[in-house]
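Under my numbering, the first residue of the sequence shown carries the number 50, and numbering increases by one thereafter.
Idealized CB from N, CA, C, for every residue including glycine.
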Amino acid sequence: MTEALAAQIRSGDRRALAKAITLVESTRPDHAEQAAALLEELMPNTGQSIRLGISGAPGVGKSTFIESLGNYLTEQNHQVAVLAVDPTSAVTGGSILGDKTRMESLSVNPQAFVRPSPAGKTLGGVTRRTRESLLLCEAAGYDVIIIETVGVGQSETAVSDMTDMFLLLLSPGGGDDLQGIKRGIMELADLVLVNKADGDQANLANQTVSDYRAALQFMQSRTPNWTPQVEVCSALNNQGVDKAWATVQAFCSALTDSGELNSLRAQQARAWMWSETAELLISDLKQHSAIQSMVPELEQAVLSAELPATVAAQRLIEHYKAQD
Ligand SMILES: Nc1nc2c(ncn2[C@@H]2O[C@H](COP(=O)(O)OP(=O)(O)OP(=O)(O)O)[C@@H](O)[C@H]2O)c(=O)[nH]1
Ligand SMILES: [Mg+2]
50 MTEALAAQIR SGDRRALAKA ITLVESTRPD HAEQAAALLE ELMPNTGQSI RLGISGAPGV
110 GKSTFIESLG NYLTEQNHQV AVLAVDPTSA VTGGSILGDK TRMESLSVNP QAFVRPSPAG
170 KTLGGVTRRT RESLLLCEAA GYDVIIIETV GVGQSETAVS DMTDMFLLLL SPGGGDDLQG
230 IKRGIMELAD LVLVNKADGD QANLANQTVS DYRAALQFMQ SRTPNWTPQV EVCSALNNQG
290 VDKAWATVQA FCSALTDSGE LNSLRAQQAR AWMWSETAEL LISDLKQHSA IQSMVPELEQ
350 AVLSAELPAT VAAQRLIEHY KAQD
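Next comes the structure, spelled out in structure tokens:
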């Protein structure tokens with residue numbers, strides 16, 4: 050069953066890909082086993098895409114930009130997949146990106162695959178699934194994978210940890226206070242795009258570009274092989290999107306030529322291995338009945354400040370290690 054599904058995915062069968070993503074998103078233990086087998090089987094077919102993270106405040110134009118870029122790329126015979134990491138789905142079970150992912154033309158473009166965000170209990174849960182979905186999309190032949198997230202400060206790091214390049218979209222204006230964007234997020238950006246550079250806002254957008262270029266000079270570059278760029282675009286009018294793509298390609302060449310792309314991905318994979326290990330250990334621990342029975346009392350003792358959290362954690366681990 051795994052091998053047949055893997056073969057369908059490799060042949061570019063979109064329904065098989067959608068089915069496989071549903072499998073990796075499932076919380077059922079038997080599904081998790083199948084998903085793991087499938088990913089292992091497809092591993093040799095992964096890694097050949099450009100992995101792009103895109104973030105920005107609500108309403109800045111992420112969906113419009115991705116639609117414009119996606120359609121531009123498919124015209125050049127690229128296969129584009131769009132995945133979403135939605136930090137709100139973890140909290141509310143609802144979704145910022147889900148209903149508002151208005152990529153109407155890209156969604157029906159035969160060379161594109163648009164997948165709304167999974168609902169996960171934790172942001173970690175959502176991003177685990179997104180990483181796996183990314184690998185599945187690569188195995189299905191998509192050569193540009195875009196991972197979108199809303200810039201509300203929780204999910205950008207997670208997205209940057211699974212992508213090659215991080216694009217930050219900003220609105221014109223507000224250069225002084227960096228639009229409330231946390232400095233740490235600015236530091237993740239390899240390309241800052243000031244969107245909505247059209248109509249009345251065109252001049253302001255250019256001014257904003259100057260402001261950010263000045264601001265970025267004082268920031269530590271993520272890598273010696275690339276200086277973060279700031280450009281304007283109008284996603285609505287499809288302006289600057291080709292330039293942004295040229296910058297993405299320049300970034301990829303710089304990191305490929307220096308060998309950094311391979312080492313970056315290798316490090317990301319190793320970090321992922323350890324975060325998976327931590328998640329699996331915690332969920333295994335919580336499933337033990339002996340542990341479950343001691344949790345209420347321990348939590349109560351920590352809540353009422355009778356017991357230091359560290360001591361409570363040590364007791365949990367001791368009991369866990371004493372199991373079977
Ligand atoms: N003038 C102008 N408007 C734009 C541009 N890009 C997007 N918009 C408009 O801005 C609004 C929000 O655009 P979206 O693409 O939905 O923004 P988003 O960042 O995906 O928003 P969320 O998913 O809600 O976070 C829409 O009304 C767009 O038409 C642009 O380049 N110029
Ligand atoms: Mg959107």
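{"query": "By the three-class DSSP mapping on this structure, what secondary structure does residue 51 have?", "result": "helix"}
{"query": "How about residue 245: is its Cβ closer than 7 Å to a heavy atom in ligand 3?", "result": "Questions concerning ligand 3 fall outside what the structure shown contains, since the ligands it does hold are ligand 1 and ligand 2."}
{"query": "Using a Cβ distance threshold of 8 Å, determine whether the segment 328–341 contacts the segment 231–241, with at least three qualifying pairs required.", "result": "no"}
{"query": "Would you say the beta carbon of residue 111 is closer than 7 Å to some non-hydrogen atom of ligand 2?", "result": "yes"}
{"query": "On the criterion of 16 or more Cβ atoms from any shown chain inside 10 Å, does residue 211 qualify as buried, or is it exposed?", "result": "buried"}
{"query": "Near residue 148, which residues of its chain fall below 6 Å by C-beta distance, leaving aside the five closest residues on each side in sequence?", "result": "With a pLDDT of 48 at residue 148, under the threshold of 50, the predicted position of this residue should be treated as unreliable, and no value is reported."}
{"query": "Distance, Cα to Cα, residue 65 vs residue 364?", "result": "46 Å"}
{"query": "Would you check if the segment 105–117 and the segment 70–81 touch, i.e. whether three or more CB-CB distances between them fall below 8 Å?", "result": "no"}
{"query": "Using alpha carbons as the reference points, say which of 178, 311, 126 lies closest to residue 72.", "result": "178"}
{"query": "Output the distance between the C-alpha atoms of residue 128 and residue 83, rounded to the nearest integer angstrom.", "result": "26 Å"}
{"query": "For the segment 96–108 against the segment 271–281, are there 3 or more C-beta pairs whose distance is under 8 Å?", "result": "no"}
{"query": "To which residues of the same chain is residue 105 closer than 7 Å at the C-beta, ignoring the five residues directly before and after it?", "result": "111, 200, 217, 218, 219"}
{"query": "Since residue 154 is in the alpha helix (DSSP H), which residue starts that stretch and which ends it?", "result": "153–156"}
{"query": "In chain order, what residues of the same chain lie with their CB nearer than 7 Å to the CB of residue 250, ignoring the 5 residues before and after it?", "result": "221"}
{"query": "Please work out which residues of its chain come closer than 7 Å, Cβ to Cβ, to residue 254, disregarding the five sequence neighbours upstream and downstream, and give them in chain order.", "result": "221, 243, 245, 246, 281"}
{"query": "From the DSSP output, in three-state form, read off residue 278 for me.", "result": "strand"}
{"query": "Strictly by DSSP, which residues pair up with residue 197?", "result": "103, 133"}
{"query": "Starting from the C-beta of residue 91, find all residues in its chain whose C-beta is less than 6 Å away, skip the five residues before and the five after it, and write them out in chain order.", "result": "55, 188"}
{"query": "Quick one: is residue 341 buried, meaning 16 or more other Cβ sit within 10 Å of its Cβ, or exposed?", "result": "exposed"}
{"query": "How would you label residue 306, buried or exposed, when you count the other beta carbons within 10 angstroms and need 16 or more for buried?", "result": "exposed"}
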